[in-house]
Amino acid sequence: MSGNMNITLKVWRQKNTSDKGRFETYQVPGVSPDMSFLEMFDVLNERLVAEGKEVPIAFDHDCREGICGMCSLFINGRPHGPNDGVTTCQLHMRSFKDGDVIVVEPWRAAAFPVIKDLAVDRSSFDRIMSAGGFISVNTGNAQDANNLPIGKEIADEAFEAATCIGCGACVAACKNSSAMLFVGAKVSQFALLPQGQPERKQRALAMVNQMDAEGFGACTNTGACSAECPKEIPLTVIARLNREYLGAEFCGK
Amino acid sequence: MTSPKLDSKIPEGSLEQKWTKYRSTVPLVNPANKRSLEIIIVGSGLAGASAAASLAELGYKVKVFCFQDSARRAHSIAAQGGINAAKNYQNDGDSTYRLFYDTIKGGDYRAREANVYRLAEVSANIIDQCVAQGVPFAREYGGMLDNRSFGGTQVKRTFYAAGQTGQQLLLGAYSALQRQVGIGAVEMFARHEMLDIVNIDGKCRGIIARDLVTGKLERHFGHAVLLCSGGYGNVFYLSTNAMGSNVTAAWKAHKKGAFFGNPCYTQIHPTCIPVSGDHQSKLTLMSESLRNDGRIWVPKNIDDAKAIREGRLNPNDIKEEDRDYYLERRYPAFGNLVPRDIASRAAKERCDAGYGVNATGEAVYLDFAYNTKFKYGKMEATKKGIHNPTEEQLKELGTAVIKEQYGNLFDMYKQITGVDPYENPMMIYPAVHYTMGGLWVDYNLMTNVPGLYALGEANFSDHGANRLGASALMQGLADGYFVIPYTMGAYLSSEIRTKAISTDHEAFVEAEKNVQEQIDKLFAVNGTKSVDHFHKRLGKIMWDKCGMARNAQGLQQAITEIQQLREEFWKDVRVTGDANEFNPELEKACRVADFLELGELMCKDALHRNESCGGHFREEYQTEEGEAMRDDNAFAYAAAWEFKGVSNWELHKEDLKFENIKIAQRSYK
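See below:
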């Protein structure tokens, strides 16, 4: 079942990290409103393979159900496109109109270098996690789970922070390319929970230091990160991160 | 008789004592020697990440490979509903034995008793470990962990974190892994795909991997190699798996000697969003946990079904007495919570009979209206002291509870279908979800190739012919956190004198050359059709002839069709770009080439198994009521296939002995 929408795409093409890159325009006829945005790219890529003139457009994606965080795309100036609270893979063409021109770019941030076309390198996030995004508990060390009661409100708030999918939309949305929402989400999850207390201070310091070392910018409280977050992580995690970091600094830890 | 080539290495002793005794007596490797032993792990999902973290904590040198851009993306992340554990926190009669029993019965008596009992034993430790890591499971107001029910059980033993349990568990394991990466105990290779294993003197000693960014082939040595690479559901093209999920790691190992166990056991999940059109790239699951509160039905009258399909009738207008809650009707004891294979077949049966409710006729309703109003709405009204609530009030109060429990799933449904499930019943249909089959492993999780292990969905071991809901997360983490750290000692304790082998060894050179040749061959075809074109056609053959229902004639046809399709692929596929760059088309081509071989083996396995069991339903073998009919005299064994060449396999059998459970016809009535 193909549809009847005609879409014009202006897509960023860049052969590799060192290539300068440019926009290319593609007409995509017969788009169904039930297609996801990435399925429209599948259709276009299928055509590019058939024509054999240029290689298909590279983009990151995997689960296509909004949870793995692998898909990205800056669509008409917004990370993950026009709808609130969804990833690109969950964006459907019914959100667009016949005849629309859609501009598609990769995440733009110094700490996320372009690998090819729309795919970027987000390994900086992994390195921030390695610096302190964990509770140091070896396998086998745990006590019975119910020996540690945790109030429902606290558990729910920690869970809300923990739903971050690490996609990088917050960085892409920020004019300073700050990663404070990403770091704040992980720091908040553990700062809220009793399990996270022993390493609370060093965690905040280590993650922030690594974030700075990776070249992410400073936070100037514009709130674009939270507004564009597909999981709607609240700005309060940044406030908490600031408190945690300053508290740790003052303690000289 | 079990084939002499299959030694399951099940320890002696009573079922309850086997694991306790074994892990207390299995040989150990001392800490100094661990530092010189290298372990390669392929895949970073629950099994891979938990194994990598745990083994690195013990002091082994670990390398982890994943094809995604980060270990955190592995498809375990998408698991929704929960993880089982025999904690008996609900005081409802759960125990290690009951989880063991439910799993064996749910698997239709086609799993190994000793492995399943061990799984049930360690299940409780998993929850403890995850909570210690800061995994924010759902809790009750008193601060204790909450549980929900899943299919195939009559107790509440499923721990959960809203509809994102897999995400939270994987992020827990990923955090533990990144901690080891940070201190240099694990070396991480993201955006790398394993394309072959390397065997030296009969033992697995390493892998060939392709750096997906540069296209460079790399050789990596390991004293042991762990495949934690997930299942092969994407052989059907459309499935709930991630786009990149593939069989390549397991298949390359199979072609280098590892036996493939029960390849035909595929799980078709009953509650997925139906196919909407040809453009569809994947199917989306709606968690089994929804069956706690959703009731499955189709219209009782075929004319109503027709009117709905034609858009003349709204399902909300169909009266209660004109609805057929077919699972509650057929299986009163378990109702909507029958195991997945049974729920899927029942949906297919109703749709085949003409009662389907969407345009294609392939959908049934999953309806929350009743429980929203009369379960949660009433409960909330009572709590709030509202004595004579109107139906509107009940709906409003109940909807808030439903939102808290399943909000993200309802949102996802609306995103994909454009229909609001708070106002209309969901439409669902079965879809390929999980593969119980996988590499044959012994009690130590080692394949028949010494030094090569398979964990999680990649192995065949614990779920028999049908996996119960919320048991995949349990198995992946059990294998990685609590089984492999012990059982590796049985092998590695005898490897402490083996020095790291140079990757200039001829076996590495040869393996890399073969991988390079396959890549060159793919480009050389330079045909006219895309990789996806072939993948879609393969998927259709598999779904039509080796899907929810199979028969001998169809399977024979499928084998011929797959052979022809494979031939066509190698004559007419077009792979664009070149090998020395980031090239997703080449990645897909390598994976589909393997699916085209696996599909044939799945059909061959399904054809040889002249019985129905669990997810394997042969139309020729069913009871009068349409239930699966096993043949325990002839088929109470695990089938392990040895690769002998193209389209040529030898079958080895491992007899399954049931000494602690009386083997019986599965009944959920």
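For the record, the sequence lines run as chains S and Y. Once you know that position 103 of the first sequence is 103 in the working numbering, the rest is easy, because the numbers rise by one and skip nothing. Take any residue in the second sequence, count from 1 to its spot, add 1000: that is its number in the working numbering. We put the beta carbon where it would ideally sit given N, CA and C, even for glycine.
Rounded to whole angstroms, Q1665 of chain Y and E1627 of chain Y show a C-alpha spacing of 10 Å. Using a Cβ-Cβ cut-off of 8 Å, V1213 of chain Y counts as an interface residue toward chain S, since at least one Cβ of chain S sits closer than that to its own. Exposed is the label assigned to H1387 of chain Y, since fewer than 16 other Cβ atoms lie within 10 Å of its Cβ. Close CB contacts of P1011 of chain Y within its chain, under the 8 Å cut and outside five residues either way in sequence, are with K1018, W1019, K1021, Y1022, A1114, Y1443 (chain order).
Chain order gives the chain S residues near A1078 of chain Y as C63, E65, I67, C68, where near means a beta carbon separation below 7 Å.
Residue-level contact by beta carbon fails for E232 of chain S and chain Y, as no gap is shorter than 8 Å. For R1329 of chain Y, the uninterrupted alpha helix (DSSP H) segment begins and ends at 1326-1330.
For A1363 of chain Y, no chain S residue has a C-beta closer than 7 Å to its own C-beta; the minimum C-beta separation is roughly 14 Å. Taking C-beta atoms as the reference points, K152 of chain S and R1139 of chain Y count as a pair closer than 8 Å. Residues of chain S with a Cβ closer than 8 Å to the Cβ of T1576 of chain Y are, in chain order, L48, V49, G52, V55, P56. Chain-ordered, the chain Y residues with CB closer than 9 Å to the CB of L148 of chain S read V1131, A1132, G1143. Residue-level contact check: S32 of chain S touches chain Y, since one or more beta carbons of chain Y fall below 8 Å from its beta carbon. Here G1354 of chain Y is near A1305 of chain Y, since their CB atoms are less than 8 Å apart.
Excluding the 5 residues flanking it on each side, Y1237 of chain Y has same chain C-beta neighbours closer than 7 Å at H1535, K1536, L1538, G1539, in chain order. The Cβ-Cβ distance between R1566 of chain Y and A1606 of chain Y does not fall below 8 Å. With a threshold of 8 Å between beta carbons, K1521 of chain Y makes no contact with chain S. For the region 1135-1166 of chain Y, there is no continuous alpha helix (DSSP H) assignment of 4+ residues that stays within its boundaries. R13 of chain S is bridged by DSSP to S:R22.
Listed in chain order, the positions of the region 1163-1187 of chain Y with a beta carbon within less than 7 Å of a beta carbon of chain S are Q1164, Q1167, Q1168, L1171, S1175, A1176, Q1178, R1179, V1181, G1182. Residue-level contact by beta carbon fails for H1192 of chain Y and chain S, as no gap is shorter than 8 Å.
Residues of the same chain with a CB within less than 6 Å of the CB of R240 of chain S, apart from the 5 flanking positions on each side, are S188 in chain order.
For the region 1038-1113 of chain Y, the continuous alpha helix (DSSP H) assignments of 4+ residues that do not extend past its boundaries occur at 1046-1058, 1096-1106, in sequence order. Proximity of N16 of chain S to chain Y, defined by a Cβ-Cβ separation below 8 Å, is satisfied. Approximately 4 Å separates the beta-carbon atoms of N1246 of chain Y and R1591 of chain Y; this is inside 8 Å, confirming the contact. Here Y1413 of chain Y has I1273, M1286, P1421, M1426 as same chain residues with Cβ atoms under 7 Å from its own Cβ, once five neighbours each way along the sequence are excluded. Setting aside the 5 residues that flank it on each side, C251 of chain S is surrounded in the same chain by K201, each with a C-beta closer than 7 Å to its C-beta; the list follows chain order. Contact holds between the region 1394-1406 of chain Y and the region 1367-1384 of chain Y, because three or more Cβ pairs, one in each stretch, are under 8 Å apart.
Using a Cβ-Cβ cut-off of 8 Å, D42 of chain S is close to H1279, S1281, D1532 of chain Y, given in chain order. By the criterion of a C-beta distance shorter than 7 Å, E24 of chain S is surrounded in its chain by V11, R13, once the five residues flanking it on both sides are discounted. Contact annotation: V1441 of chain Y and N1459 of chain Y have beta-carbon atoms nearer than 8 Å. Under DSSP, V1186 of chain Y forms a beta bridge with Y:V1062. Counting along the chain, the unbroken alpha helix (DSSP H) around H1254 of chain Y starts and ends at 1248-1255. Taking each of Y:A1636, Y:Y1097, Y:R1191, Y:T1153 in turn and checking the Cα distance to N1292 of chain Y, the smallest one comes out for Y:T1153. Between the region 118-131 of chain S and the region 1036-1043 of chain Y there are fewer than three C-beta pairs closer than 8 Å, too few to call the two in contact. Cβ proximity to chain Y below 8 Å picks out I115, K116, A119, D121 from the region 108-121 of chain S. Listed as beta-bridge partners of Y1443 of chain Y by DSSP are no residues whatsoever.
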